[in-house]
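Asks:
Numbering (this note's numbering), first residue to last: 741 to 966.
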(Lines of atoms letter the chains of each structure in order from A; the text may use other names.)
(Lines give C-alpha, C1' and ligand atoms only; values in the text may rest on other atoms or scores of the structure.)
Protein backbone atom coordinates (compact mmCIF):
# COMPACT_ATOMS: atom_id res chain seq x y z
CA UNK A 741 0.00 0.00 0.00
CA UNK A 742 1.44 3.36 -1.08
CA UNK A 743 0.57 6.84 0.24
CA UNK A 744 -1.70 7.22 -2.81
CA UNK A 745 -3.52 4.04 -1.85
CA UNK A 746 -3.79 5.19 1.76
CA UNK A 747 -5.41 8.39 0.53
CA UNK A 748 -7.71 6.41 -1.74
CA UNK A 749 -8.72 4.07 1.09
CA UNK A 750 -9.43 6.94 3.46
CA UNK A 751 -11.58 8.62 0.81
CA UNK A 752 -13.90 5.60 0.56
CA UNK A 753 -17.44 6.11 1.85
CA UNK A 754 -18.48 4.26 4.96
CA UNK A 755 -20.60 1.85 2.92
CA UNK A 756 -17.50 0.68 1.01
CA UNK A 757 -15.50 -0.06 4.17
CA UNK A 758 -17.71 -2.82 5.57
CA UNK A 759 -15.82 -5.46 3.59
CA UNK A 760 -12.71 -4.82 5.70
CA UNK A 761 -14.55 -5.21 9.00
CA UNK A 762 -14.67 -8.83 10.19
CA UNK A 763 -17.84 -10.31 11.60
CA UNK A 764 -18.09 -10.24 15.38
CA UNK A 765 -20.48 -11.30 18.11
CA UNK A 766 -21.19 -9.44 21.33
CA UNK A 767 -23.27 -10.01 24.47
CA UNK A 768 -26.99 -9.83 23.77
CA UNK A 769 -27.37 -6.39 25.32
CA UNK A 770 -24.64 -4.82 23.17
CA UNK A 771 -24.48 -3.87 19.51
CA UNK A 772 -21.58 -2.64 17.42
CA UNK A 773 -21.86 0.28 14.98
CA UNK A 774 -19.27 1.34 12.42
CA UNK A 775 -18.93 5.11 11.89
CA UNK A 776 -16.88 7.94 10.53
CA UNK A 777 -16.65 11.09 12.60
CA UNK A 778 -19.30 12.61 10.35
CA UNK A 779 -21.78 9.75 10.61
CA UNK A 780 -21.46 9.71 14.41
CA UNK A 781 -22.18 13.43 14.73
CA UNK A 782 -23.56 14.92 16.87
CA UNK A 783 -24.90 12.58 19.58
CA UNK A 784 -22.51 9.63 19.42
CA UNK A 785 -19.55 11.84 18.61
CA UNK A 786 -20.08 13.97 21.70
CA UNK A 787 -20.55 10.90 23.85
CA UNK A 788 -17.23 9.52 22.56
CA UNK A 789 -15.52 12.83 23.24
CA UNK A 790 -16.96 13.00 26.76
CA UNK A 791 -15.76 9.46 27.48
CA UNK A 792 -12.21 10.29 26.35
CA UNK A 793 -12.22 13.46 28.41
CA UNK A 794 -13.53 11.67 31.51
CA UNK A 795 -11.08 8.78 31.18
CA UNK A 796 -7.76 10.35 30.21
CA UNK A 797 -7.79 14.17 30.20
CA UNK A 798 -6.20 14.26 33.65
CA UNK A 799 -3.31 12.07 32.54
CA UNK A 800 -2.91 14.12 29.37
CA UNK A 801 -2.69 17.34 31.40
CA UNK A 802 0.02 15.84 33.60
CA UNK A 803 2.02 14.77 30.55
CA UNK A 804 3.86 16.58 27.80
CA UNK A 805 0.94 15.75 25.47
CA UNK A 806 -1.34 18.19 27.28
CA UNK A 807 -5.09 18.53 26.93
CA UNK A 808 -7.22 21.07 25.09
CA UNK A 809 -10.93 20.44 24.50
CA UNK A 810 -11.02 22.21 21.15
CA UNK A 811 -7.86 20.58 19.78
CA UNK A 812 -8.96 17.14 20.90
CA UNK A 813 -12.37 17.67 19.33
CA UNK A 814 -10.76 18.65 16.03
CA UNK A 815 -8.49 15.60 16.14
CA UNK A 816 -11.48 13.33 16.72
CA UNK A 817 -13.29 14.89 13.75
CA UNK A 818 -10.49 13.99 11.31
CA UNK A 819 -12.20 12.67 8.16
CA UNK A 820 -9.92 9.61 7.98
CA UNK A 821 -10.77 8.40 11.49
CA UNK A 822 -13.04 5.38 11.75
CA UNK A 823 -15.09 4.57 14.83
CA UNK A 824 -16.24 1.23 16.23
CA UNK A 825 -18.93 2.18 18.73
CA UNK A 826 -20.37 -0.31 21.22
CA UNK A 827 -23.88 0.57 22.36
CA UNK A 828 -26.55 -0.75 24.67
CA UNK A 829 -28.87 -2.37 22.14
CA UNK A 830 -31.98 -1.41 24.09
CA UNK A 831 -31.38 2.31 23.61
CA UNK A 832 -29.50 2.50 20.30
CA UNK A 833 -31.12 4.87 17.83
CA UNK A 834 -30.82 4.95 14.02
CA UNK A 835 -27.47 6.24 12.77
CA UNK A 836 -27.28 9.61 11.05
CA UNK A 837 -26.21 9.46 7.42
CA UNK A 838 -22.81 10.82 6.46
CA UNK A 839 -24.37 13.32 4.06
CA UNK A 840 -26.71 14.73 6.71
CA UNK A 841 -23.95 15.03 9.30
CA UNK A 842 -20.97 16.19 7.25
CA UNK A 843 -21.71 19.91 7.37
CA UNK A 844 -22.28 19.87 11.12
CA UNK A 845 -19.12 17.86 11.82
CA UNK A 846 -17.03 20.33 9.81
CA UNK A 847 -18.11 23.24 12.01
CA UNK A 848 -15.37 23.79 14.59
CA UNK A 849 -17.57 25.99 16.78
CA UNK A 850 -16.20 28.00 19.67
CA UNK A 851 -12.80 27.45 21.27
CA UNK A 852 -14.50 26.13 24.41
CA UNK A 853 -16.08 22.70 24.10
CA UNK A 854 -19.70 22.62 25.17
CA UNK A 855 -21.30 19.48 26.58
CA UNK A 856 -24.21 18.03 24.65
CA UNK A 857 -27.36 17.01 26.54
CA UNK A 858 -27.17 13.43 27.79
CA UNK A 859 -29.59 11.80 25.37
CA UNK A 860 -29.76 9.02 22.81
CA UNK A 861 -27.91 5.70 23.01
CA UNK A 862 -25.97 4.47 26.01
CA UNK A 863 -22.28 4.28 25.11
CA UNK A 864 -20.42 1.27 26.51
CA UNK A 865 -17.15 2.05 24.74
CA UNK A 866 -15.50 2.70 21.41
CA UNK A 867 -12.31 2.40 19.38
CA UNK A 868 -11.12 4.91 16.81
CA UNK A 869 -8.40 4.22 14.26
CA UNK A 870 -6.86 5.49 11.05
CA UNK A 871 -5.05 3.99 8.07
CA UNK A 872 -1.94 6.15 7.86
CA UNK A 873 1.84 6.20 7.47
CA UNK A 874 4.42 6.23 10.25
CA UNK A 875 8.16 6.29 9.62
CA UNK A 876 7.67 5.43 5.92
CA UNK A 877 5.49 2.42 6.75
CA UNK A 878 1.76 1.99 6.21
CA UNK A 879 0.03 1.14 9.50
CA UNK A 880 -3.31 1.07 11.22
CA UNK A 881 -3.06 3.49 14.14
CA UNK A 882 -5.34 3.14 17.15
CA UNK A 883 -6.23 6.62 18.39
CA UNK A 884 -8.60 5.64 21.18
CA UNK A 885 -9.73 2.51 22.98
CA UNK A 886 -12.09 3.71 25.68
CA UNK A 887 -14.78 2.10 27.81
CA UNK A 888 -17.21 3.47 30.36
CA UNK A 889 -16.52 2.46 33.94
CA UNK A 890 -19.30 -0.12 34.12
CA UNK A 891 -18.03 -1.91 31.04
CA UNK A 892 -14.38 -2.33 32.04
CA UNK A 893 -13.03 -5.72 33.00
CA UNK A 894 -15.34 -7.76 30.77
CA UNK A 895 -12.89 -8.54 27.97
CA UNK A 896 -14.50 -6.02 25.61
CA UNK A 897 -11.31 -3.99 25.11
CA UNK A 898 -9.39 -7.08 24.05
CA UNK A 899 -12.12 -8.03 21.60
CA UNK A 900 -12.37 -4.51 20.19
CA UNK A 901 -8.60 -4.23 19.76
CA UNK A 902 -8.44 -7.52 17.89
CA UNK A 903 -11.26 -6.35 15.65
CA UNK A 904 -9.22 -3.27 14.74
CA UNK A 905 -6.15 -5.42 14.10
CA UNK A 906 -8.13 -7.72 11.82
CA UNK A 907 -9.43 -4.70 9.93
CA UNK A 908 -5.80 -3.70 9.33
CA UNK A 909 -4.92 -7.19 8.10
CA UNK A 910 -7.86 -7.15 5.70
CA UNK A 911 -6.69 -3.83 4.29
CA UNK A 912 -3.25 -5.42 3.73
CA UNK A 913 -1.30 -3.80 6.56
CA UNK A 914 1.35 -5.52 8.65
CA UNK A 915 1.57 -3.23 11.65
CA UNK A 916 -0.72 -1.74 14.30
CA UNK A 917 0.43 1.22 16.40
CA UNK A 918 -0.84 3.29 19.32
CA UNK A 919 0.22 5.86 21.92
CA UNK A 920 -0.18 5.35 25.67
CA UNK A 921 0.69 7.50 28.69
CA UNK A 922 3.27 5.88 30.96
CA UNK A 923 1.08 6.89 33.90
CA UNK A 924 -1.65 4.62 32.56
CA UNK A 925 -0.11 1.49 34.03
CA UNK A 926 -3.19 -0.65 33.45
CA UNK A 927 -3.29 0.21 29.75
CA UNK A 928 0.46 -0.43 29.40
CA UNK A 929 0.07 -3.89 30.92
CA UNK A 930 -2.94 -4.62 28.71
CA UNK A 931 -1.13 -3.74 25.48
CA UNK A 932 1.96 -5.71 26.48
CA UNK A 933 -0.25 -8.76 27.13
CA UNK A 934 -1.72 -8.26 23.67
CA UNK A 935 1.71 -8.45 22.07
CA UNK A 936 2.61 -4.75 21.76
CA UNK A 937 6.17 -3.54 22.22
CA UNK A 938 7.78 -0.12 22.37
CA UNK A 939 8.28 1.04 18.81
CA UNK A 940 11.56 2.33 17.40
CA UNK A 941 10.04 5.82 16.98
CA UNK A 942 8.92 6.02 20.61
CA UNK A 943 10.60 8.93 22.45
CA UNK A 944 13.81 8.09 24.30
CA UNK A 945 15.26 9.19 27.62
CA UNK A 946 16.94 12.59 27.48
CA UNK A 947 19.68 14.31 29.41
CA UNK A 948 18.41 17.62 30.79
CA UNK A 949 20.44 20.77 31.50
CA UNK A 950 21.10 19.64 35.06
CA UNK A 951 22.74 16.48 33.78
CA UNK A 952 19.81 14.29 34.85
CA UNK A 953 18.12 11.69 32.71
CA UNK A 954 14.42 12.36 32.13
CA UNK A 955 12.10 9.61 31.04
CA UNK A 956 9.37 10.18 28.42
CA UNK A 957 5.85 10.31 29.83
CA UNK A 958 4.30 8.48 26.90
CA UNK A 959 5.26 5.58 24.68
CA UNK A 960 4.49 4.68 21.10
CA UNK A 961 3.84 0.95 20.91
CA UNK A 962 3.38 -1.37 17.96
CA UNK A 963 2.56 -4.92 17.02
CA UNK A 964 3.32 -6.88 13.87
CA UNK A 965 0.12 -8.24 12.36
CA UNK A 966 1.02 -11.81 11.40
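Don't be surprised by glycine CBs; every beta carbon is placed ideally from N, CA and C.
Please state the DSSP three-state secondary structure of residue 951.
Replies: Coil, per DSSP.
Asks: Do residue 871 and residue 749 come within 8 Å of each other at the CB atom, strictly closer than that value?
Replies: Their beta carbons are under 8 Å apart, which means residue 749 touches residue 871 by this criterion.
Asks: Is residue 761 closer than 8 Å to residue 775 when the C-beta atoms are compared?
Replies: No, the Cβ-Cβ distance between residue 775 and residue 761 is not below 8 Å.
Asks: Quick one: is residue 827 buried, meaning 16 or more other Cβ sit within 10 Å of its Cβ, or exposed?
Replies: Buried, by the Cβ-count rule.
Asks: Can you give me the C-alpha to C-alpha distance between residue 764 and residue 810, rounded to a whole angstrom?
Replies: Their backbone Cα atoms lie some 34 Å apart in a straight line.
Asks: Can you list, in chain order, the residues of its chain with a C-beta nearer than 8 Å to that of residue 924? Leave out the 5 residues immediately preceding and following it.
Replies: Within the same chain, residue 924 has close Cβ partners 796 and 799.
Asks: State the DSSP-derived secondary structure class of residue 905, mapped to helix, strand or coil.
Replies: Helix, per DSSP.
Asks: When the Cα of residue 755 is compared with those of 767, 912, 891 and 779, which residue comes out closest?
Replies: Comparing Cα positions, the closest option is 779.
Asks: Please classify residue 880: does DSSP put it in a helix, a strand, or coil?
Replies: Residue state, collapsed to three classes: strand.
Asks: DSSP puts residue 867 in a beta bridge; with which residues?
Replies: DSSP, once it has assigned bridges, lists 824 and 885 as partnering residue 867.
Asks: DSSP on residue 775, reduced to helix/strand/coil?
Replies: Strand.
Asks: Which same chain residues end up closer than 7 Å to residue 939 when comparing Cβ atoms and leaving out the 5 residues on each side of it in sequence?
Replies: Result list for residue 939: 917, 960, 961 and 962, in chain order.
Asks: Quick one: Cα of residue 882 to Cα of residue 873, how far?
Replies: Whole-angstrom Cα-Cα distance: 12 Å.
Asks: Relative to the C-alpha of residue 801, which candidate in 944, 934, 922 and 907 has its C-alpha closest?
Replies: Nearest of 944, 934, 922 and 907 to residue 801, Cα basis: 922.
Asks: Return yes when at least one heavy atom of the ligand MN lies under 7 Å from the C-beta of residue 873, else no.
Replies: With respect to the ligand MN, the structure shown offers nothing to examine, as it has no ligands at all.
Asks: For residue 942, collect the residues of the same chain with a Cβ closer than 6 Å to its Cβ; drop the 5 residues on either side in sequence, then sort them by chain order.
Replies: Once the five neighbours on either side are set aside, the close Cβ partners of residue 942 are 959 and 960.
Asks: Here's the rule: buried if 16 or more other CB atoms are within 10 angstroms of the residue's CB, otherwise exposed. What is residue 751?
Replies: Exposed, by the Cβ-count rule.
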